[in-house]
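To start, the structure itself, in structure tokens.
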Amino acid sequence: MNRLKELRKEKKLTQKELADKINVSKITVLRWENGERQIKPDKAQQLADFFGVSVGYLLGYSEYNNSQELIKKIHGDNSPDIAWKISGIVSMLGEKTLDNIREVYGDRAYLALINLIGELSFHDTESETICKFLALDTDFKEIVQEVTAKLFDKQAR
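Just so you know, we're using full-length UniProt numbering here: the sequence shown kicks off at 1 and counts up by one.
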């Protein structure tokens, strides 16, 4: 769930006041806050800028309310090259997914994955699919592996 209502209340704004500031209707703000509608990317950026937070934080994908905190967390002691790769992957998948991959596979495999994906384009469908697969629970991975094997066998015939 997004943090729009929480951020709006921190600024002591009504839904109408916020709606007027970003040129949308009060009903739109209400639906965003209730999760009835998704916030479109351009409006999410506008809202994030208005509240002084990252888009990821606004949308509930990040626990860090600004980019600097996230950058410090992901970059840590990593070299600039690794930090750049991690930033790209975080923007593609979100930090929670990346944290899950690190937790499940450990630091060594995590860094190997970062290097591998960093060699690929961040807009590459295959690299995104690999990351999403790695973030799945074991039961779902087994299902995907079975389906993939069957499809490959059919294609090979």
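For glycine and all other residues, C-beta sits at the position ideal for the given N, C-alpha and C. In this text the structure is predicted, and so the values were computed from the model without any measurement.
Anticipated Cβ contact below 8 Å, residue i with residue j, distance rounded
i      : j      : result
Met1   : Gly52  : Contact flag wrong, Cβ pair sits at about 20 Å.
Ala149 : Asn100 : About 24 Å; that fails the 8 Å criterion.
Lys43  : Ile22  : 7 Å
Leu58  : Arg3   : 6 Å
C-alpha gap between residue i and residue j, whole angstroms
i      : j      : result
Gln46  : Leu98  : 26 Å
Ala19  : Ile143 : 45 Å
Trp32  : Gln145 : 37 Å
Lys5   : Ile39  : 13 Å
Gly106 : Ser25  : 46 Å
Glu17  : Ala48  : 16 Å
Leu13  : Ser62  : 23 Å
Phe122 : Ile130 : For Phe122, the predicted model reports a pLDDT of 48, less than 50, meaning its position is unreliable and no value from the coordinates is stated.
Val29  : Gly35  : 10 Å
Glu10  : Pro41  : 22 Å
Leu113 : Phe140 : 20 Å
Ala156 : Val147 : 14 Å
Arg8   : Gly56  : 16 Å
Ser54  : Phe152 : 41 Å
Where the alpha helix (DSSP H) through residue i begins and ends
i           : result
Ile22       : Gln15 to Ile22
Asp42       : Pro41 to Phe51
Asp139      : Thr138 to Ala156
Lys9        : Leu4 to Glu10
residue 167 : No answer is possible for residue 167: the residues shown for the chain start at 1 and end at 157.
Arg31       : Lys26 to Asn34
Selected residue, minimal CA-CA separation from residue i, among the options
i      : options                           : result
Glu103 : Thr129, Asp137 and Ile130         : Asp137
Lys96  : Lys132, Phe152, Arg157 and Phe140 : Lys132
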